[in-house]
Amino acid sequence: MGVDLRVAMRNFATGVCVMTTRVDGPNGPVHDAVTVNSLTSLSLDPPLVSVCLRSDSVFLADLLVSGHWALSILDIGASDVARAFAAGREHRRTALATVSAVAGEHTGALVLDGPGWLECGLRQAVEVGDHTLLIGDVLATGSQDRRPPLVFLHGEYHAVGAGGAARLDREVRTR
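Quick note: the sequence shown uses UniProt numbering, first residue 1, plus one each step.
Written out as structure tokens, the structure reads:
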């Protein structure tokens, strides 16, 4: 019996976030964003979270330079946002111009409108296989009453609420 981690993990529902970072460019700040579903709360005291990114990611390279990021938790109305930031860098930059976002007070990274957000500072980056595990100090958080959160399961976006789960999209590319 072989190991097929991707197939096994398709059965594990995860929340969906957009992760943003900002680096200083020659003409001012340059923002980028990616869709992630690997957010984990590590510790409440001190407040720490982790996220995993592909080690060859240009987003990761920028984040390691900036040392800061923001995470915006998405709600069921944001499956199009999740798809946009799962695309290539140029498409993501175009998408950044169309979303409702503000620069975070503590990091300058963009915080998207959603049910919850975190601003983080890099505590540690650990190379693990083909990914880099980022551990971040949570510098600020916020939340607001919104629609139910967006979740990712079986390669598709779903809404989870009191009535159970409902599939939102069939055309999600599995990474």
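From the three backbone atoms N, C-alpha and C, an ideal C-beta is built for every residue, glycine too. Note that the structure is a prediction, hence the values are computed from the model and not measured.
Asked: Ordered along the chain, which non-local residues of its own chain (more than five positions away) have a Cβ less than 7 angstroms from that of D62?; Found: T21, V23, D32
Asked: Using a Cβ-Cβ cutoff of less than 6 angstroms, which residues in the same chain neighbour A140 once the five nearest sequence positions on both sides are dropped?; Found: H106, E119
Asked: For V102, which residues in the same chain have their Cβ closer than 8 angstroms to its Cβ, ignoring the five residues on either side in sequence?; Found: L110, V111
Asked: Using the DSSP secondary-structure output, state which residues sit across from E127 in a beta bridge.; Found: T132
Asked: Alpha carbon to alpha carbon, how far is S57 from N11? Give it in angstroms, no decimals.; Found: 25 angstroms
Asked: Put V172 into one of helix, strand or coil per three-state DSSP.; Found: Residue confidence for V172 is low, a pLDDT of 40 falling below 50, so the modelled location carries little weight and cannot support an answer.
Asked: Measure the Cβ-Cβ separation of R146 and D75 and say whether it is below 7 angstroms.; Found: yes
Asked: Does DSSP put V51 in a helix, in a strand, or in coil?; Found: strand
Asked: Mind checking R54: buried by the 16 CB within 10 Å criterion, or exposed?; Found: exposed
Asked: Does chain B have any CB closer than 7 angstroms to the CB of N27?; Found: Absence of chain B from the displayed structure is noted, only one protein chain being present.
Asked: Between H68 and G121, how many whole angstroms is the CB-CB distance? I'm expecting something under 8 angstroms.; Found: 5 angstroms
Asked: Under three-state DSSP, which class holds N11?; Found: coil
Asked: Just list the residues that DSSP pairs A82 with in beta bridges.; Found: BP columns for A82 are empty, so no partner.
Asked: What residue range does the alpha helix (DSSP H) around R89 cover?; Found: 89 to 96
Asked: Excluding sequence positions up to five away, which residues of its chain have a Cβ less than 6 angstroms from the Cβ of V16?; Found: N37, L74, A82, L150, F152
Asked: Going by CA-CA distance only, name the one from S143, L134, H154, E156 that's closest to F59.; Found: L134
Asked: Do G25 and S72 have their C-beta atoms closer together than 7 angstroms?; Found: no
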